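Each remark here refers to the structure printed beneath this line.
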Amino acid sequence: MRALKLDTPKSLSQRVMLRLRQAIVDGEFALGAAISEEMVANSFGVSRTPVREAMGQLQAQGLVVIRPQVGSFVFTPSAEDITALCTFRIAIEPKAAELAFRHDRDGAIATMGAAIAAMEPAVAAKDNIAYGRADAAFHEALFAHCGNRYLVESYQLVSGRVAALRTNLTSPIDVRTRTSFDEHCRLLDLFGRGELAAFETLITTHITNSGVAYARALKVD
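Residue numbers (the working numbering): 191 to 411.
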(Lines of atoms letter the chains of each structure in order from A and count residues from 1; the text may use other names and numbers.)
(Lines give C-alpha, C1' and ligand atoms only; values in the text may rest on other atoms or scores of the structure.)
Protein backbone atom coordinates (compact mmCIF):
# COMPACT_ATOMS: atom_id res chain seq x y z
CA MET A 1 0.00 0.00 0.00
CA ARG A 2 1.33 3.41 -0.89
CA ALA A 3 2.04 5.83 1.94
CA LEU A 4 -0.63 8.47 2.41
CA LYS A 5 0.53 12.03 1.93
CA LEU A 6 -0.93 15.39 1.11
CA ASP A 7 -0.44 16.53 -2.45
CA THR A 8 0.27 20.12 -3.29
CA PRO A 9 -2.85 21.92 -4.55
CA LYS A 10 -3.46 21.14 -8.20
CA SER A 11 -4.60 23.62 -10.82
CA LEU A 12 -7.99 23.16 -12.42
CA SER A 13 -6.42 21.92 -15.65
CA GLN A 14 -4.35 19.38 -13.71
CA ARG A 15 -7.44 18.07 -11.95
CA VAL A 16 -9.27 17.78 -15.26
CA MET A 17 -6.24 16.06 -16.79
CA LEU A 18 -5.98 13.53 -13.98
CA ARG A 19 -9.67 12.64 -14.16
CA LEU A 20 -9.53 12.27 -17.95
CA ARG A 21 -6.34 10.22 -17.68
CA GLN A 22 -8.04 7.83 -15.28
CA ALA A 23 -11.09 7.62 -17.55
CA ILE A 24 -8.85 6.66 -20.49
CA VAL A 25 -6.85 4.16 -18.42
CA ASP A 26 -10.03 2.59 -17.02
CA GLY A 27 -11.58 2.29 -20.45
CA GLU A 28 -14.38 4.82 -19.91
CA PHE A 29 -13.16 6.21 -23.21
CA ALA A 30 -12.34 3.42 -25.66
CA LEU A 31 -9.15 3.44 -27.70
CA GLY A 32 -9.64 5.77 -30.65
CA ALA A 33 -12.77 7.34 -29.14
CA ALA A 34 -13.47 11.04 -29.71
CA ILE A 35 -13.37 13.24 -26.62
CA SER A 36 -15.53 16.33 -26.92
CA GLU A 37 -14.10 19.36 -25.13
CA GLU A 38 -17.59 20.75 -24.79
CA MET A 39 -18.94 17.53 -23.27
CA VAL A 40 -16.06 17.34 -20.79
CA ALA A 41 -16.42 21.01 -19.86
CA ASN A 42 -20.16 20.58 -19.26
CA SER A 43 -19.65 17.37 -17.27
CA PHE A 44 -17.06 18.96 -15.00
CA GLY A 45 -18.80 22.34 -14.79
CA VAL A 46 -15.76 24.22 -16.05
CA SER A 47 -14.91 26.38 -19.04
CA ARG A 48 -13.27 24.88 -22.11
CA THR A 49 -9.92 26.54 -21.33
CA PRO A 50 -8.78 24.10 -18.58
CA VAL A 51 -10.14 21.21 -20.68
CA ARG A 52 -8.07 22.33 -23.65
CA GLU A 53 -5.01 22.63 -21.40
CA ALA A 54 -5.68 19.15 -20.00
CA MET A 55 -5.93 17.73 -23.51
CA GLY A 56 -2.54 19.22 -24.31
CA GLN A 57 -1.02 17.53 -21.25
CA LEU A 58 -2.59 14.21 -22.22
CA GLN A 59 -1.25 14.58 -25.75
CA ALA A 60 2.24 15.03 -24.27
CA GLN A 61 1.72 11.73 -22.38
CA GLY A 62 0.73 9.98 -25.60
CA LEU A 63 -2.80 9.28 -24.40
CA VAL A 64 -4.60 11.72 -26.67
CA VAL A 65 -4.17 12.71 -30.30
CA ILE A 66 -5.32 16.24 -31.16
CA ARG A 67 -6.23 16.82 -34.80
CA PRO A 68 -6.63 20.54 -35.54
CA GLN A 69 -10.07 21.43 -36.90
CA VAL A 70 -11.16 17.82 -36.32
CA GLY A 71 -11.07 17.01 -32.62
CA SER A 72 -9.34 15.11 -29.84
CA PHE A 73 -9.17 11.32 -29.75
CA VAL A 74 -7.86 8.61 -27.44
CA PHE A 75 -4.68 7.13 -28.90
CA THR A 76 -4.73 3.93 -30.93
CA PRO A 77 -1.31 2.30 -31.31
CA SER A 78 -0.06 0.71 -34.50
CA ALA A 79 1.67 -2.67 -34.56
CA GLU A 80 4.99 -0.80 -34.75
CA ASP A 81 4.06 1.27 -31.69
CA ILE A 82 3.26 -1.87 -29.70
CA THR A 83 6.56 -3.50 -30.67
CA ALA A 84 8.52 -0.39 -29.72
CA LEU A 85 6.63 -0.04 -26.43
CA CYS A 86 7.31 -3.64 -25.43
CA THR A 87 10.97 -3.37 -26.44
CA PHE A 88 11.28 -0.27 -24.25
CA ARG A 89 9.68 -2.03 -21.27
CA ILE A 90 11.88 -5.10 -21.71
CA ALA A 91 14.93 -2.81 -21.65
CA ILE A 92 14.09 -0.88 -18.48
CA GLU A 93 11.93 -3.06 -16.22
CA PRO A 94 14.63 -5.66 -15.44
CA LYS A 95 17.08 -2.84 -14.66
CA ALA A 96 14.53 -1.19 -12.38
CA ALA A 97 14.07 -4.55 -10.63
CA GLU A 98 17.83 -4.92 -10.16
CA LEU A 99 18.12 -1.44 -8.67
CA ALA A 100 15.00 -1.87 -6.51
CA PHE A 101 16.44 -5.09 -5.08
CA ARG A 102 19.61 -3.27 -4.09
CA HIS A 103 18.01 0.01 -3.01
CA ASP A 104 14.81 -1.02 -1.21
CA ARG A 105 14.20 -4.75 -1.46
CA ASP A 106 11.74 -4.93 1.45
CA GLY A 107 9.74 -1.93 0.27
CA ALA A 108 9.49 -3.29 -3.25
CA ILE A 109 8.38 -6.71 -1.98
CA ALA A 110 5.72 -5.10 0.21
CA THR A 111 4.34 -2.99 -2.66
CA MET A 112 4.35 -5.85 -5.15
CA GLY A 113 2.78 -8.13 -2.56
CA ALA A 114 0.00 -5.62 -1.97
CA ALA A 115 -0.63 -5.47 -5.72
CA ILE A 116 -0.90 -9.26 -5.92
CA ALA A 117 -3.25 -9.25 -2.93
CA ALA A 118 -5.50 -6.88 -4.89
CA MET A 119 -5.31 -9.02 -8.02
CA GLU A 120 -6.76 -12.17 -6.49
CA PRO A 121 -10.23 -10.79 -5.61
CA ALA A 122 -10.30 -8.99 -8.96
CA VAL A 123 -9.80 -12.32 -10.75
CA ALA A 124 -12.52 -13.89 -8.61
CA ALA A 125 -14.91 -11.05 -9.39
CA LYS A 126 -13.79 -10.85 -13.04
CA ASP A 127 -13.24 -7.12 -12.46
CA ASN A 128 -10.85 -6.17 -15.26
CA ILE A 129 -10.54 -2.54 -14.11
CA ALA A 130 -9.49 -3.51 -10.58
CA TYR A 131 -7.16 -6.14 -12.01
CA GLY A 132 -5.61 -3.64 -14.42
CA ARG A 133 -4.98 -1.15 -11.62
CA ALA A 134 -3.32 -3.82 -9.47
CA ASP A 135 -1.27 -5.04 -12.42
CA ALA A 136 -0.08 -1.47 -13.05
CA ALA A 137 0.81 -1.06 -9.36
CA PHE A 138 2.93 -4.22 -9.49
CA HIS A 139 5.08 -2.96 -12.37
CA GLU A 140 5.21 0.60 -11.04
CA ALA A 141 6.61 -0.77 -7.76
CA LEU A 142 9.87 -1.64 -9.52
CA PHE A 143 10.36 2.02 -10.36
CA ALA A 144 8.96 3.46 -7.13
CA HIS A 145 11.67 1.62 -5.17
CA CYS A 146 14.57 1.70 -7.63
CA GLY A 147 16.07 4.95 -6.33
CA ASN A 148 16.78 6.35 -9.80
CA ARG A 149 14.58 9.26 -10.82
CA TYR A 150 15.66 9.07 -14.45
CA LEU A 151 14.33 5.54 -14.73
CA VAL A 152 11.14 6.70 -13.01
CA GLU A 153 10.70 9.58 -15.43
CA SER A 154 11.41 7.31 -18.40
CA TYR A 155 8.71 4.86 -17.33
CA GLN A 156 6.24 7.69 -16.75
CA LEU A 157 6.51 8.49 -20.46
CA VAL A 158 4.73 5.22 -21.29
CA SER A 159 2.94 4.16 -18.10
CA GLY A 160 -0.39 5.72 -19.09
CA ARG A 161 -0.41 4.03 -22.48
CA VAL A 162 0.59 0.70 -20.97
CA ALA A 163 -2.17 0.98 -18.36
CA ALA A 164 -4.79 1.89 -20.97
CA LEU A 165 -3.79 -0.97 -23.26
CA ARG A 166 -3.80 -3.35 -20.31
CA THR A 167 -7.32 -2.39 -19.17
CA ASN A 168 -8.81 -2.32 -22.65
CA LEU A 169 -7.08 -5.31 -24.21
CA THR A 170 -5.45 -7.77 -21.80
CA SER A 171 -7.19 -7.43 -18.42
CA PRO A 172 -10.48 -8.85 -19.78
CA ILE A 173 -8.45 -11.95 -20.72
CA ASP A 174 -6.47 -11.97 -17.47
CA VAL A 175 -9.56 -12.06 -15.24
CA ARG A 176 -10.87 -15.10 -17.14
CA THR A 177 -7.64 -17.05 -16.66
CA ARG A 178 -5.02 -17.17 -13.91
CA THR A 179 -2.01 -17.07 -16.24
CA SER A 180 -1.16 -13.42 -15.62
CA PHE A 181 -1.83 -13.72 -11.89
CA ASP A 182 0.38 -16.81 -11.62
CA GLU A 183 3.18 -15.05 -13.54
CA HIS A 184 3.07 -12.07 -11.18
CA CYS A 185 3.26 -14.41 -8.17
CA ARG A 186 6.27 -16.14 -9.73
CA LEU A 187 7.92 -12.79 -10.48
CA LEU A 188 7.52 -11.72 -6.86
CA ASP A 189 8.98 -15.02 -5.66
CA LEU A 190 12.00 -14.69 -7.96
CA PHE A 191 12.54 -11.07 -6.94
CA GLY A 192 12.31 -11.88 -3.24
CA ARG A 193 14.93 -14.62 -3.58
CA GLY A 194 17.21 -12.39 -5.63
CA GLU A 195 17.03 -14.61 -8.71
CA LEU A 196 17.22 -11.59 -10.98
CA ALA A 197 18.35 -13.43 -14.13
CA ALA A 198 15.30 -15.71 -13.93
CA PHE A 199 13.17 -12.65 -13.11
CA GLU A 200 14.43 -10.93 -16.26
CA THR A 201 13.67 -13.99 -18.38
CA LEU A 202 10.12 -14.27 -17.04
CA ILE A 203 9.28 -10.57 -17.22
CA THR A 204 10.59 -10.48 -20.79
CA THR A 205 8.23 -13.32 -21.68
CA HIS A 206 5.42 -11.65 -19.75
CA ILE A 207 5.80 -8.33 -21.57
CA THR A 208 6.26 -10.01 -24.96
CA ASN A 209 3.06 -12.00 -24.48
CA SER A 210 1.22 -8.82 -23.52
CA GLY A 211 2.37 -7.23 -26.77
CA VAL A 212 1.10 -10.20 -28.77
CA ALA A 213 -2.27 -9.94 -27.01
CA TYR A 214 -2.44 -6.17 -27.69
CA ALA A 215 -1.75 -6.68 -31.37
CA ARG A 216 -4.21 -9.55 -31.68
CA ALA A 217 -6.98 -7.63 -29.93
CA LEU A 218 -6.45 -4.50 -32.04
CA LYS A 219 -6.48 -6.59 -35.23
CA VAL A 220 -9.76 -8.21 -34.21
CA ASP A 221 -11.28 -4.83 -33.39
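Glycine residues also receive a C-beta, built at the ideal position from the N, C-alpha and C atoms. Just so it is clear, the structure is predicted and the values come from calculations on it, not from any experiment.
{"Item": "Under 8 Å between C-beta atoms of F234 and A286", "Value": "no"}
{"Item": "Cross-strand partners of G261 (DSSP beta bridge)", "Value": "R257"}
{"Item": "C-beta atoms of H329 and A298 nearer than 8 Å", "Value": "no"}
{"Item": "The segment 237-253 / the segment 198-210 touching (three or more Cβ pairs under 8 Å)", "Value": "yes"}
{"Item": "Closest residue to S370 among G322, A388, R292 (Cα-Cα distance)", "Value": "G322"}
{"Item": "Those runs of the alpha helix (DSSP H) which lie wholly inside the segment 248-317 and span at least 4 residues", "Value": "269-315"}
{"Item": "Presumed contact (8 Å Cβ cut-off) between A320 and A327, rounded CB distance", "Value": "Between A327 and A320 the Cβ distance is about 11 Å, and since that is not below 8 Å, they are no contact."}
{"Item": "For I437: DSSP bridge partner residues", "Value": "Residue 437 falls outside the range modelled here, since the chain spans only 191 to 411, and no answer is possible."}
{"Item": "Delimiting residues of the alpha helix (DSSP H) encompassing F371", "Value": "369-382"}
{"Item": "A331 beta carbon less than 8 Å from that of G308", "Value": "One detail in the question is off: residue 308 reads as Ala in this sequence, not Gly. Contact: no."}
{"Item": "D364, DSSP secondary structure in three states", "Value": "helix"}
{"Item": "The segment 340-351 / the segment 388-395 touching (three or more Cβ pairs under 8 Å)", "Value": "no"}
{"Item": "Residue interval of the alpha helix (DSSP H) (run including E343)", "Value": "339-355"}
{"Item": "Backbone secondary structure at F219 - three-state DSSP", "Value": "coil"}
{"Item": "Contact the segment 215-231 vs the segment 261-270: 3+ CB pairs below 8 Å", "Value": "yes"}
{"Item": "Residues near A403 by beta carbon distance below 7 Å, same chain, minus five either side", "Value": "L359, T360, I363"}
{"Item": "Spatial distance of A314 from E283 (CA atoms)", "Value": "28 Å"}
{"Item": "Burial state of P258, where buried means 16 or more other Cβ atoms lie within 10 Å", "Value": "exposed"}
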